[in-house]
Every structure is written in C-alpha cells, then in structure tokens.
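Numbering-wise (my numbering), the sequence shown opens with residue 1 and increments by one.
Encoded as structure tokens, the structure appears first; notes follow it.
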Amino acid sequence: MRRVIQLLTLLALPLASNASAQVRMDGLDDEWPDGVQVMADGEHLHLRLHWESAVTLQSAPRSTAILLDLDADASTGLKNPVANLLRPSVPAMGIDLAVFLSPPGEGRGPGGLGNGARIEVFDRSGASRKISHADVGFMFLPTYASATTEVRFRRDVRSDLPIASMMKAESGVRGVALQMSIGGKRIGGANVFTGEMPAFAVTASASSDRIPNRPANSLRIVCWNVLWGAPMRTPDGFARVLRSLNPDVVLIQEWDNRQAHEEKITAEMRSAWLNEHMPQDQQWTVIDSAQRGVAIASRVPMKRLELSGLTTSVTSESGALLERQPRFVSAIVTTEHGKAIVASVHLKCCGSMGDWADQTRIAESISINLALRRALRDNPDAACVIAGDMNLVGSKLPLDTLAAGLDTFGVALQVADPVALGDASTHTWQDARSRFTPGRLDYVLSTASKAELLQTFIVDTGRMSPESLEAAGLSATDTDDSDHLPVVVDLRLQKPSL
C-alpha cells in the first residue's frame with residue numbers, strides 16, 4: 001500500500017537583512033538560527049525546508065514545487081501557477097523562478113511524474129523559459145531521504161536570464177512551497193516564506209581552496225568514481241589531479257568500460273596507467289574485483305583480502321529473486337606506522353527510499369559489513385577504511401549499516417565530513433546535463449580508535465581560484481571528465497600493539 005505522503009511545511013519567518021552566517025551545504029542545519037527558514041549572503045540564497053517525515057525529493061510518488069517571487073512584486077512574473085491549491089490567506093505573488101522536483105507530466109509511470117528537477121524562469125509578463133539547474137546553481141542536500149533539506153541558489157546567474165538583475169539586487173524575496181499528489185491536488189497546507197537578500201557581492205568561502213599539505217606520518221587515501229574508464233580516454237585531467245594530491249592509496253569505482261563487449265580494463269592496465277602518469281619511488285599495484293569497475297591502487301605494500309559470504313539474495317523490480325554480488329574489493333595495506341583494511345565499494349544505483357534498489361543497497365551493505373567484521377577479528381590491530389560511491393538516493397540506512405559495529409567495542413565507523421575546496425558544500429556528484437541536481441553520493445568511513453582522521457576535503461577544480469589552480473598545477477576543468485569528485489582523507493594509523 002502506498003505510504004501516506006506528508007506535506008512540506010515552511011514557516012513564514014522573515015530573514016534579518018544583516019544575517020551573515022554562511023550556510024554549510026551538508027543537509028544539516030546546525031548553523032541555522034532557531035526559527036529561521038531563509039538566509040542569504042552576497043553570493044547565494046538558501047532555504048531550509050522541513051518535512052513531516054523523511055522523503056526522497058527527486059524520485060517520489062508526488063511532486064514538490066518551490067516557487068519564488070524574487071522581487072516581492074506580485075505584478076511581475078507568472079501569476080501564481082498553483083493559486084487554486086493555496087489557502088485564500090496566501091498573498092498574491094508574481095513567480096519569477098519555479099522548481100519542480102519529481103515534475104508532473106514528464107514520466108511514464110502512474111500520473112506521469114518524472115525524476116529529477118524541472119526549473120523555469122519567467123519574464124515580467126509571465127512568459128516561461130526552461131533552464132538547467134546549473135544555470136541558477138540549484139542544489140539541495142542531503143541527497144538521501146531526510147526530514148530536513150537545505151536548498152541553495154547561486155545569485156550570479158547568466159545575464160540573459162530574466163531573473164539576472166533580481167538575483168543580484170538588494171531586495172525582499174518571498175515564496176511558497178507545497179506538495180502535489182499524482183492527481184495534481186494539494187497534500188495538506190502550504191505556507192509562504194519571506195526574507196531579504198543583501199546586495200550581491202563575492203564573499204570569502206568558509207573553505208580554503210588550496211590543496212592542503214599532507215600531515216606528517218599520515219596515510220593519504222583518495223576515493224574517486226572515474227566514470228566508466230574515463231582515465232583511459234582522457235588521462236590528462238585525472239593525472240594532474242592525482243599528482244597534485246599525491247595519495248598512497250586510491251579507492252576506485254567505474255574504472256572499466258561501460259559496455260560488456262568492450263575490452264576489459266585489467267588490473268595490470270590500471271597499474272601501467274598509474275606508473276606512467278604518477279611515477280613514484282614505489283611502484284603502483286592494483287587489485288580489482290570480478291564485479292566490474294571497483295579497484296584499489298596502492299604504492300605501499302598491499303595484500304588482497306579474500307572475503308566470503310558476499311553473495312546476497314535480492315528481489316528485483318519485477319519481483320524475481322536474484323543472487324547478487326556487490327561491487328566490492330578489499331585489501332590490507334601496511335605502512336611503517338600501522339596497517340589498515342581498505343575497501344572500495346560501489347553500491348546499487350538509482351531508485352528511491354524503500355524501493356527495490358534501496359533494499360538492494362541495504363542487502364549489499366549487510367553482506368559487506370559482516371564480511372569485514374570477520375576480517376577485523378582476524379586482524380585486530382588493523383584500522384578499517386571503507387569508501388566509495390554509495391548511491392544514497394533513497395534511505396540513509398545503507399550507510400548506517402556499512403558503518404555499524406566495525407570499530408572497537410562495537411562502535412560504528414566514523415563518517416568523514418569533507419567540504420569542497422573553495423566552497424562550503426559537501427556535494428561529490430554533479431552533471432549540468434542531467435535532470436538530477438548536484439548531490440553527495442560518495443563517502444569515506446574509518447575506525448576512529450585505530451586511525452586518527454587528520455583532515456578531509458573534496459576537489460572540484462571548477463570552484464578553485466586561478467591562483468590555487470596554478471599553485472597545484474591544475475586546470476579549472478580537470479575534474480570535469482567524471483561526474484563524481486575525488487574525496488580525500490588523511491589518516492594517522494595506530495602502530496600495532498606489542
């Protein structure tokens with residue numbers, strides 16, 4: 001039975017014009033003042049949306065509409081397109097920017113709901129123009145289902161958009177958010193939110209955009225989904241990024257060709273690529289899995305872990321029972337400061353909370369967690385690091401399941417909390433051509449008791465300054481050849497006990 005869908009409720013609270021706290025785009029709201037639903041700075045407009053229950057926004061059995069009157073002028077823009085769904089007490093608005101998540105009329109399923117986002121802007125007369133989420137820097141986090149969602153728009157939009165001057169102006173802004181059922185009926189009530197935007201100005205980021213130096217006596221690990229073997233086709237950007245990071249271990253996903261009939265990329269081919277493009281005193285070695293695309297590359301001593309019990313039984317979308325091996329590979333790496341079990345993971349793609357894809361991710365996480373528990377019992381002095389593309393577009397349960405009980409005394413692994421260099425955001429995936437908006441799909445988990453997490457960050461060269469790019473020997477487009485971004489952790493391993 002279809003679960004009852006609750007309405008997103010926004011409080012109608014104004015934003016003080018001098019609000020200056022920078023929002024950290026991570027889907028949490030720790031930095032938000034109590035009761036505030038809207039904050040803006042010189043570069044971004046932020047919304048904090050509260051749900052009555054955890055929901056997945058871009059693949060859901062109902063649509064969410066976020067409608068913005070950017071100049072607080074009811075005479076400009078589109079007269080509220082959902083006015084018939086609003087309470088009479090909601091004041092008239094002229095909508096200048098509209099976002100529809102799981103948009104109506106764009107899918108093949110019941111009610112025709114699509115996936116992803118549809119974004120429209122309107123000129124003064126209300127004429128519509130469909131744009132990309134990238135055109136207004138629209139993103140929200142977390143990507144997994146949550147009762148709290150942070151939304152961000154970029155204020156520096158293209159000059160040919162009818163909202164360009166509004167987004168840069170010092171003015172009031174108001175809007176409305178509501179959810180509609182498949183039949184186009186409002187679910188519950190809808191509230192107006194109001195606030196103010198200061199004058200546009202480039203502000204200092206909460207995150208430095210310089211690639212941090214590696215701390216002394218640390219192990220640097222990079223996790224990167226490289227988009228179906230793209231390093232083989234377009235090596236230069238990947239090579240420059242990896243050389244600038246100078247990792248010890250690289251946990252890889254999708255380093256394989258997409259089509260089964262194409263030549264298989266072997267561990268030896270990946271090793272040769274790394275030794276050609278990242279020459280080191282120590283040679284790079286690579287181990288991979290029969291499940292395509294996942295691999296571990298290391299320039300420190302590494303031994304494959306042969307783990308059993310990874311096969312899971314899952315129910316497909318059609319209801320058939322399938323035997324499935326997760327895309328997973330693990331090894332033990334040894335340094336003079338300690339050793340660690342490292343694992344590269346690529347969980348099942350796509351879907352929504354509670355559907356068969358989400359249930360498959362949960363089943364895969366259970367099997368990986370149990371296998372690693374056995375490995376850690378056999379290697380009690382080893383730290384544990386799990387990283388990869390977790391594809392958390394449904395529930396957060398797969399991540400929680402992976403982490404559960406793998407640290408000392410049954411404590412869960414810690415989840416690294418990186419931000420992108422030059423940006424206060426935790427996004428690790430983006431594709432301007434996609435219907436789906438930027439989000440966080442990639443995670444690194446580690447044992448706090450045996451590996452001190454010294455620092456962590458995300459590299460998005462498109463958000464780094466020219467000065468920082470030049471200092472690192474990078475180009476602004478170097479991370480564009482994959483839709484995922486590299487995530488970096490620096491760990492200090494605990495020496496084995498005597």
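Each residue gets a CB set at the ideal place from its N, CA and C atoms; glycine is no exception.
Using the three-state DSSP reduction, which class does residue i fall into: helix, strand or coil?
i, result
"Leu310", "coil"
"Asn369", "helix"
"Phe200", "coil"
"Trp284", "coil"
"Thr461", "helix"
"Leu454", "strand"
"Ser165", "helix"
"His484", "strand"
"Phe436", "coil"
"Ala239", "helix"
"Asp478", "coil"
"Glu323", "strand"
"Phe193", "strand"
"Glu470", "helix"
"Val176", "strand"
"Gln359", "helix"
"Arg152", "strand"
"Val23", "coil"
"Met232", "helix"
"Phe140", "strand"
"Glu52", "strand"
"Thr338", "Note that residue 338 is Gly in the sequence shown, not Thr. Note: Gly338 maps to strand in three-state DSSP."
"His277", "helix"
Rounded to whole angstroms, what is the Cα-Cα separation between residue i and residue j?
i, j, result
"Pro388", "Ile362", "At residue 388 the sequence reads Gly, which differs from the Pro that was named. If I take the Cα positions, the gap works out to 15 Å."
"Asp288", "Lys264", "12 Å"
"Ile182", "Asp30", "34 Å"
"Val345", "Gly319", "25 Å"
"His538", "Arg440", "It is not possible to answer for residue 538, since the shown part of the chain is limited to 1 through 498."
"Thr9", "Leu178", "With a pLDDT of 32 at Thr9, under the threshold of 50, the modelled position of that residue is not reliable, and the figure given next carries that caveat. About 7 Å."
"Glu276", "Ser330", "24 Å"
"Pro279", "Leu421", "25 Å"
"Gly126", "Leu70", "13 Å"
"Gly94", "Arg174", "10 Å"
"Gln414", "Leu141", "20 Å"
"Val385", "Asp73", "53 Å"
"Glu470", "Gln22", "27 Å"
"Val393", "Phe457", "22 Å"
"Met180", "Leu101", "10 Å"
"Ser59", "Asn217", "44 Å"
"Met166", "Arg435", "25 Å"
"Asn379", "Ala297", "21 Å"
"Ala476", "Arg210", "13 Å"
"Val459", "Gly137", "18 Å"
"Asp256", "Leu406", "30 Å"
"Gln282", "Asp248", "10 Å"
"Asp442", "Asp483", "11 Å"
"Leu454", "His427", "20 Å"
"Thr315", "Gly351", "14 Å"
"Asp26", "Asn115", "22 Å"
"Leu376", "Thr194", "53 Å"
"Ile5", "Pro61", "Low per-residue confidence applies at Ile5: pLDDT is 29, beneath 50, and the placement is therefore not dependable, though the value from the model is reported in the following sentence. Looking at the two C-alpha atoms, the distance is approximately 8 Å."
"Pro103", "Leu113", "6 Å"
"Leu485", "Thr479", "7 Å"
"Leu498", "Glu317", "Because Leu498 carries a pLDDT of 46, less than 50, the predicted location of this residue cannot be relied on, and no value is offered for it."
"Leu491", "Asn391", "24 Å"
Could you tell me which residues DSSP pairs with residue i in its beta bridges?
i, result
"Lys303", "Ile332"
"Ile221", "Val249 and Val489"
"Ser344", "Val329 and Ala387"
"Phe100", "Ala65 and Arg118"
"Leu511", "Summary: the structure shown does not reach residue 511, with the chain confined to residues 1 through 498, and so no result is reported for it."
"Thr315", "Leu321"
"Tyr443", "Gly388"
On a CA-only basis, which of the options is nearest residue i? Give me that one, please.
i, options, result
"Asp203", "Asp423, Leu47, Leu274 and Phe436", "Here the sequence assigns Thr to residue 203, which means Asp is not the residue at that position. Checking every option, the nearest Cα to that of Thr203 belongs to Asp423."
"Ala117", "Arg152, Gly77, Ala169 and Ser63", "Ser63"
"Pro301", "Gln291, Pro438, Thr311 and Trp284", "Trp284"
"Asp34", "Val99, Gln455, Ala134 and Arg48", "Arg48"
"Ser159", "Lys185, Asp135 and Ala147", "Asp135"
"Thr311", "Ala371, Ala230 and Thr426", "Ala371"
"Ser132", "Ala432, Ser475 and Leu445", "Ala432"
"Ala267", "Asp417, Gly107 and Gly293", "Gly293"
"Ser468", "Ser208, Glu106, Gly195 and Ala199", "Ser208"
"Pro438", "Asp123, Phe153 and Lys79", "Phe153"
"Glu196", "Arg324, Glu52 and Glu170", "Glu170"
"Val487", "Val444, Ala472, Gly473 and Leu78", "Val444"
Subject >> Segment contact flag, the segment 242-256 with the segment 221-234, C-beta cutoff 8 Å, min 3 pairs >> reply: yes
**OP:** Check whether the segment 327-345 touches the segment 28-42, counting contact only when three or more Cβ pairs, one atom from each stretch, lie closer than 8 Å.
**Re:** no
Original post:
At a cut of 8 Å, does the segment 356-373 reach the segment 390-402 through at least three beta carbon pairs?
Top reply: yes
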